[in-house]
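*Asks:* Okay, here's the structure, questions in a sec.
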Amino acid sequence: MTAERSTTDILDAAVHVREAARSATCGATGVDTVLAALSEVVEYDHASLTRWDPLRRRHTTLAGSYPDDATAYIETRLHDDPMFPVLRSPARGGLWLRDVPGQLLAASPGFQDVLRPLGIEDGVAQCLFAADGRYVGMLNVSTRRPRRTPDPARAVVTLLTEALAAAVGPCAGSPPEESATAGPAVDARRPGGLSPRELQVLAELTVGRTNREIAERLYITPRTVGTHIEHILAKLDLPNRAAAAARAVAWGIEPSPR
1 MTAERSTTDI
11 LDAAVHVREA
21 ARSATCGATG
31 VDTVLAALSE
41 VVEYDHASLT
51 RWDPLRRRHT
61 TLAGSYPDDA
71 TAYIETRLHD
81 DPMFPVLRSP
91 ARGGLWLRDV
101 PGQLLAASPG
111 FQDVLRPLGI
121 EDGVAQCLFA
131 ADGRYVGMLN
141 VSTRRPRRTP
151 DPARAVVTLL
161 TEALAAAVGP
171 CAGSPPEESA
181 TAGPAVDARR
191 PGGLSPRELQ
201 VLAELTVGRT
211 NREIAERLYI
221 TPRTVGTHIE
231 HILAKLDLPN
241 RAAAAARAVA
251 WGIEPSPR
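With UniProt numbering applied, the sequence shown corresponds to residues 1 to 258, in that order.
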């Protein structure tokens with residue numbers, strides 16, 4: 001791909017990425033086809049798509065071209081990198097290397113020890129989230145050549161995140177034990193391994209009640225409600241109470257009438 005490709009060319013290539021992601025999601029092709037299609041959107045020297053395993057607390061590479069040491073860092077150490085909390089913010093549309101503050105780069109082992117020795121000068125790290133807010137994995141793209149400015153590929157990569165998240169997430173038809181990489185298995189009696197009280201609190205979140213309102217309904221303190229919510233988010237590997245409410249709705253959990 002040449003640097004002179006037009007915005008129309010890049011958008012056409014993005015359609016091919018979506019098609020490849022859709023095919024990978026249903027299992028017709030491998031995730032490697034998604035990365036191959038993505039190379040027509042954003043030129044890279046190395047790239048990978050990884051799935052987050054919340055039980056093992058690591059990423060698993062589904063497709064990638066990084067050297068072994070870089071792949072190992074992405075899989076086992078990236079989530080502890082000082083840059084990762086910035087990356088994982090759901091409000092962020094990806095973090096491009098040229099936009100990272102110098103202080104953060106200096107504090108990042110991932111850049112100093114892994115990317116810099118590879119001669120990387122540009123690229124993007126894009127966290128991927130499922131529709132219910134679960135963090136499911138990451139796209140990493142790196143190049144040794146600075147990209148042009150303005151760069152339409154930046155916006156296009158952000159627009160592709162929903163399709164990429166579906167491609168790296170577990171198959172919708174997988175049994176619970178095979179879906180551990182996306183989150184806790186759903187048990188008919190105690191979904192997500194939540195305690196009975198945590199399930200009660202989770203149910204109250206579906207109707208948007210505040211901690212104080214939940215406390216009044218369950219006869220506990222607002223502080224206790226906050227603790228339960230913290231435990232719920234940790235057990236389900238969710239970023240916020242809105243995502244927890246969406247998960248409860250998907251499970252058919254609702255508050256009991258008084």
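Heads up, the beta-carbon is just placed ideally off N, CA and C, and yes, glycines get one too.
What does the alpha-carbon distance come out to for the pair T224 and A203?
*Replies:* Translated into positions along the sequence shown, residue 224 becomes position 224. Translated into positions along the sequence shown, residue 203 becomes position 203. Their backbone Cα atoms lie some 15 Å apart in a straight line.
*Asks:* Just to check my reading of the structure: R147 and D122 have Cβ atoms closer than 8 Å, yes? What is that Cβ distance to the nearest angstrom?
*Replies:* Here residue 147 refers to the residue found at position 147 of the sequence shown. Here residue 122 refers to the residue found at position 122 of the sequence shown. Yes, they are in contact, since the Cβ atoms of R147 and D122 sit about 5 Å apart, within 8 Å.
*Asks:* Relative to the C-alpha of D113, which residue among L205, A70 and G208 is closest?
*Replies:* Position 113 of the sequence shown, counted from the first residue, corresponds to residue 113. Taking only the C-alpha atoms, the option nearest D113 is A70.
*Asks:* Might you give, ordered along the chain, the residues of its own chain that have their beta carbon closer than 6 Å to the beta carbon of A24, omitting 5 neighbours on each side?
*Replies:* Residue 24 sits at position 24 when you count from the first residue of the sequence shown. Same-chain partners within the cutoff: V31, V34 and A167.
*Asks:* Please report how far the alpha carbon of A163 lies from the alpha carbon of E43, in whole angstroms.
*Replies:* Here residue 163 refers to the residue found at position 163 when the sequence shown is read from its first residue. Here residue 43 refers to the residue found at position 43 when the sequence shown is read from its first residue. Their backbone Cα atoms lie some 19 Å apart in a straight line.
*Asks:* DSSP has M138 in a bridge; who is on the other side?
*Replies:* Residue 138 sits at position 138 when you count from the first residue of the sequence shown. The partner list for M138 (beta bridge, DSSP) reads T50 and C127.
*Asks:* How about A153 and I10: do their beta carbons lie closer than 7 Å?
*Replies:* By one-based count along the sequence shown, residue 153 stands at place 153. By one-based count along the sequence shown, residue 10 stands at place 10. Their beta carbons are under 7 Å apart, which means A153 touches I10 by this criterion.
*Asks:* Could you pull the start and end residues of the beta strand (DSSP E) that residue 259 belongs to?
*Replies:* Residue numbering for the chain in the displayed model covers 1 to 258; residue 259 lies beyond these limits and cannot be assessed.
*Asks:* Can you tell me which of S39, W96, R116 and W52 puts its alpha carbon nearest to the alpha carbon of L78?
*Replies:* On the sequence shown, position 78 is the one that residue 78 refers to. For L78, the nearest C-alpha among the options comes from W52.
*Asks:* Do you know how far the Cα of P255 is from the Cα of R209?
*Replies:* Here residue 209 refers to the residue found at position 209 of the sequence shown. Here residue 255 refers to the residue found at position 255 of the sequence shown. Their Cα atoms are separated by approximately 11 Å.
*Asks:* State the DSSP-derived secondary structure class of T221, mapped to helix, strand or coil.
*Replies:* As a working mapping, residue 221 is identified with position 221 in the sequence shown. In the structure shown, T221 sits in coil (DSSP, three-state: anything other than H, G, I, E or B).
*Asks:* Measure the alpha-carbon distance for V17 versus P54 and round it to whole angstroms.
*Replies:* The residue labelled residue 17 in the question sits at position 17 within the sequence shown. The residue labelled residue 54 in the question sits at position 54 within the sequence shown. Roughly 27 Å separates the two Cα atoms.
*Asks:* Quick one: grab the DSSP three-state call for T206.
*Replies:* As a first step, residue 206 is located in the sequence shown; it is residue number 206 there, counting from the start. Note: T206 maps to coil in three-state DSSP.
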